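> If you scroll down you'll find the structure; I have some questions about it.
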Amino acid sequence: MKTRSLILLASAIALAAGAALVGRALMRPPPPVTIVKQVEAPRAPVRMVLSAAGPLVPGDFVAGRTLAWRELPAGEIRAEHYTADTDEERRKVERTVAGSTPRRALQDGQPLTRDGLVFSGDHGFVASVLKPDMRAVSIPASAVTSNSGLVSAGDRVDVILHLERDTSQPPLPGQPDTSFTALASQTIVRNVRVLALNGNPAGIAPASNAAVDATASDKKATPPRNYYESLTLEVTPRDSERLALAREVGLLQLALRSAQADTVEQPHDVVTAVTRVNDATDIFNKPPRQPVVVQTFKGEQQKAQTFDKAAPQAASAPQPAAP
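Residue numbers (this note's numbering): 1 to 323.
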C-alpha cells in the first residue's frame with residue numbers, strides 16, 4: 001500500500017507540474033512579429049527624347065505626324081538629342097525641326113540628332129531631298145520664262161524649248177517671212193519638280209506652324225515679287241542631258257502645272273509634236289491663188305483669157321529689125 005501511495009503521489013505531482021507548465025505557456029504573450037517592408041529601388045531618371053514615329057529616309061520632310069516623344073534613361077541621352085520636359089518645350093522643339101530632312105535613314109523609334117538633320121539653306125539640303133536615281137539641273141531663267149516670278153520651289157512645271165529668230169534660218173531671197181516660219185517650239189520635259197530658285201530651296205519644305213501663324217497674322221502685307229536668273233529642276237538622267245543641250249539651242253520656257261491635278265504624271269522621256277508658226281497663226285500662210293481674167297479684142301471679136309497669177313510672165317519676143 002505504501003508503494004502504491006507513493007506512485008499516486010508522484011503522478012499527481014507530475015500532473016500538477018505539467019498543468020502549471022501548460023498554463024504558463026498559455027498565459028505567456030506571443031513574441032512580437034517583425035514586419036519586413038519591401039523598399040523599392042530608386043528608379044533611374046528618364047527624359048523625353050524626340051524620336052521618329054516611323055521609318056524616315058532622306059527626302060522625307062520632318063513634320064508633326066512623323067515625330068514622337070519617347071522616354072529614354074538619362075544615362076543614354078547624348079548632347080545631340082532633342083529633349084524637353086514640358087509640353088511647351090516639346091512644341092517649340094517640333095517647330096524647330098519642322099521642314100528638315102534626315103541625312104541617313106531612321107528606324108521607328110530612333111532618336112533624332114542635331115547633326116542628323118539637314119535644314120533648308122544648309123549645304124547638302126538639295127542633295128538630300130533628291131529622289132533616288134534623279135538629278136538636279138539648273139537652267140537659265142528670266143522674268144518671262146519663270147512666269148513673272150510665279151514659280152516657287154516645290155512647284156511642278158513643264159519645260160518648253162522654242163527657237164528664237166536669232167537662232168532660226170536666215171530669210172530666203174525673195175521670201176522675207178521665212179525668218180518667222182522657221183520658228184518652232186516643243187515640250188521636252190514634263191511634270192518636274194522645282195528644287196531651288198537662284199540656288200535657294202526655300203519653299204520646297206512644308207512651312208512650320210510658326211511661319212503659318214506669322215503669315216496669317218499679316219495677311220495685308222504683300223511680299224515683293226522676285227525674279228530669278230536660274231532654276232534648279234529634279235529630272236531623270238535622260239532629261240538632264242536633254243536640258244543641257246536644249247539651253248544651248250534656244251530659249252527655255254516654264255509652264256506651271258496645277259497643284260490640284262487628280263493624277264500625277266511621273267517624269268519620263270517624252271516625245272511631243274513640234275509646234276510651228278503655221279500651227280499658231282495663219283498670218284504667214286500664203287493666200288490662195290486667184291486667177292486673172294483678161295479681155296482681149298481682135299477686130300470685132302472679144303475673148304476672155306484666164307491667166308495664173310503666180311505663173312511667171314513670158315518674155316516678150318524681140319522685134320524684127322527694120323529692113
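The C-beta atom is built at its ideal place from N, Cα and C for all residues, glycine as well. Predicted model only: the values in this text are computed from it and were never measured.
Please name the residue or residues paired with D133 in a DSSP beta bridge.
Partner(s): none; D133 has no beta bridge.
> R247 bridges to which residues according to DSSP?
For R247, which the question treats as bridged, DSSP gives no partner whatsoever.
> Pull up the distance between the alpha-carbon of Q301 and that of D282, whole angstroms please.
Going from the Cα of Q301 to the Cα of D282 covers about 44 Å.
> Whole angstroms is fine: what's the gap from L15's alpha carbon to P29's?
Their backbone Cα atoms lie some 23 Å apart in a straight line.
> Return the chain-ordered list of same chain residues with a C-beta closer than 6 Å to the C-beta of S185, the five sequence neighbours on each side being excluded.
Cβ within range, chain order: I160, H162, T275.
> Quickly, what does DSSP pair P102 with across the bridge? List them, please.
Partner(s): L117.
> To which residues of the same chain is G124 closer than 7 Å at the C-beta, ignoring the five residues directly before and after it?
So the list reads V118, once near-sequence residues are dropped.
> Please classify L234 as buried or exposed, where buried requires at least 16 neighbouring CB atoms within 10 angstroms.
Sequence inspection shows Glu at residue 234; the Leu mentioned does not correspond to that position. With 16 or more other Cβ atoms within 10 Å, it is buried.
> Which term fits V33, buried or exposed, when burial requires 16 or more other beta carbons within 10 angstroms of its beta carbon?
Its Cβ having fewer than 16 others within 10 Å, V33 is exposed.
> Less than 8 Å between the CB atoms is what I'm expecting for A109 and S51, so what's the real figure, rounded?
Residue identity differs from the one stated: residue 109 is Gly in this sequence, not Ala. Contact holds; Cβ gap of about 5 Å.
> Going along the chain, which residues of its own chain have a beta-carbon closer than 8 Å to the beta-carbon of A127, five neighbours each way excluded?
Taken in chain order, the residues that qualify are A136.
> For G299, does the count of other Cβ atoms within 10 angstroms reach 16, so buried, or fall short, so exposed?
Exposed, because fewer than 16 other Cβ atoms sit within 10 Å of the Cβ of G299.
> Am I right that V151 and V194 are in contact with their C-beta atoms under 8 Å? What's the rounded C-beta distance?
Correct: roughly 6 Å between the Cβ atoms.
> How big is the Cα-Cα spacing for V157 and T272?
Distance between the alpha carbons of V157 and T272: 16 Å.
> Are the beta-carbon atoms of A153 and A84 separated by less than 8 Å?
Against a cut-off of 8 Å, the Cβ pair of A84 and A153 comes out as no contact.
> What is the rounded straight-line gap between the Cα of A11 and the Cα of A20?
It is Ser, not Ala, that sits at residue 11 in the sequence shown. Cα to Cα, the separation comes out at about 14 Å.
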